[in-house]
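Data block below; observations after.
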Amino acid sequence: MPTFRSGLLLATLLLSACSMPIFQDLQNKPTEKTSTPNTVSTEQSMPSKTTDNEVATVETSVITETNNSNSNSTKASSTESNTDLAEQLNTQRKLANANYIELKNRVGNAPELPRLLATEQLDSKAINLGIQQLRSYISKTNSALALLNARVNDREKVAMNGDLIRIFLSEATVTHDNMTFKAQPLVGQWVRGESRVIRLKDNILFENPKSEDLHITFSETYQLVVNGEVISTINPKKEKNNASFNVTTSANDGTIVGKLDYRVIDNE
């Protein structure tokens, strides 16, 4: 009996000694497994945050560049548009002014031109408004000129007293660009309301670089106009008269000084 108890005690001690390492191994292994995933997870999360920041920075840069590009494009388009409008306005100014001068000379009066500031002082809205005003003026004066031309044609066919004059340019000295020459005498016939251009030449028989245009108008108000300047008012009941003139050239780069004789022609 004592022997049996001693054997049982010995067996129990052996079992305890054998089971201790195994229990420690079982405790150590779970600890190692849980620490490894934590390390890997931490290492993998860091690059992900850095990549997101880089993408956000690139996207912001692209948006900024796009906005700058669109802004520059809009400014360039606006500048081109304003330049085009300014050119249109200046073109309409020239046409309107030409109609005004022609009516003023041929009729004796003309509708007042629209009052506009210098193109540089106008914004796009004011420029557009000015273009419309000038176009309306041009249309109106074109109609007036068409009616005037019709009246001139009628007078050529059936002239009333004072509708026809004959002009003899007896003297004309042209001075411009350090050059002076005396033009050959010329003669012509004008209808009331008619404006014509004659060519003054140094030598009437051959083409010569010494030449100049002279605008002569017999207005509806019986005024004799040379290069835009009234030099005489014609009395339709008086048969003959003469007038002297001193006017600028058509290009405003010289002068023309001369004398002409005119005579009212009876209806033939």
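The sequence shown maps to residues -24 to -1, 1 to 244 in mature numbering (1 follows the signal peptide of the UniProt record, and there is no 0). We put the beta carbon where it would ideally sit given N, CA and C, even for glycine. Every value quoted in this text rests on a predicted model; they were computed, and no experiment measured them.
- R168 and I77 have their C-alpha atoms spaced approximately 17 Å apart.
- By the neighbour-count criterion, in which a residue is buried when 16 or more other Cβ atoms sit within 10 angstroms of its Cβ, T59 is exposed.
- Between N66 and E205, the alpha-carbon positions lie close to 25 Å from each other.
- Residue pairing by DSSP places K177 opposite S187 in a beta bridge.
- Membership of N217 in the beta strand (DSSP E) is indicated by the continuous run K216 to T224.
- As the crow flies, the alpha-carbon of I192 is around 12 Å from that of R142.
- The criterion of a C-beta distance shorter than 9 Å is not satisfied by L162 and I232.
- Your pair S146 and D237 checks out as a contact, with CB atoms roughly 6 Å apart and the cut at 8 Å.
- At a Cβ-Cβ threshold of 9 Å, P87 and K116 count as neighbours.
- Beta-bridge pairing by DSSP links A148 to G234.
- Under DSSP, the beta-bridge partners assigned to T156 are T151.
- Here the alpha carbon of S187 sits roughly 28 Å from the alpha carbon of T209.
- Sequence-distant partners of S57 (beyond 5 residues in either direction) whose C-beta falls short of 8 Å from its own C-beta, in its chain, are S100.
- Put simply, of K70, F194 and T151 the residue whose alpha carbon is nearest the alpha carbon of Q165 is F194.
- Just so you know, the alpha carbons of A72 and L110 end up roughly 6 Å apart.
- Contact check for E196 against R239 fails: the beta carbons are separated by 9 Å or more.
- For G234 and L105, the gap between their C-alpha atoms comes out near 45 Å.
- If you look at Q97, you'll find it isn't in any beta strand (DSSP E); DSSP assigns it neither H nor E.
- Rounded to the nearest whole angstrom, the CA to CA distance from P212 to D242 is 10 Å.
- Rounded to the nearest angstrom, the gap between the Cα atoms of L89 and V223 is 24 Å.
- Distance from the Cα of D229 is smallest, within the candidate group D189, E96 and F221, for D189.
- Where G138 is concerned, there is no enclosing beta strand (DSSP E), because DSSP gives it neither an H nor an E.
- In the structure shown, T193 falls within a strand segment according to DSSP collapsed to helix, strand and coil.
- The beta-bridge partner set that DSSP reports for Q108 is empty.
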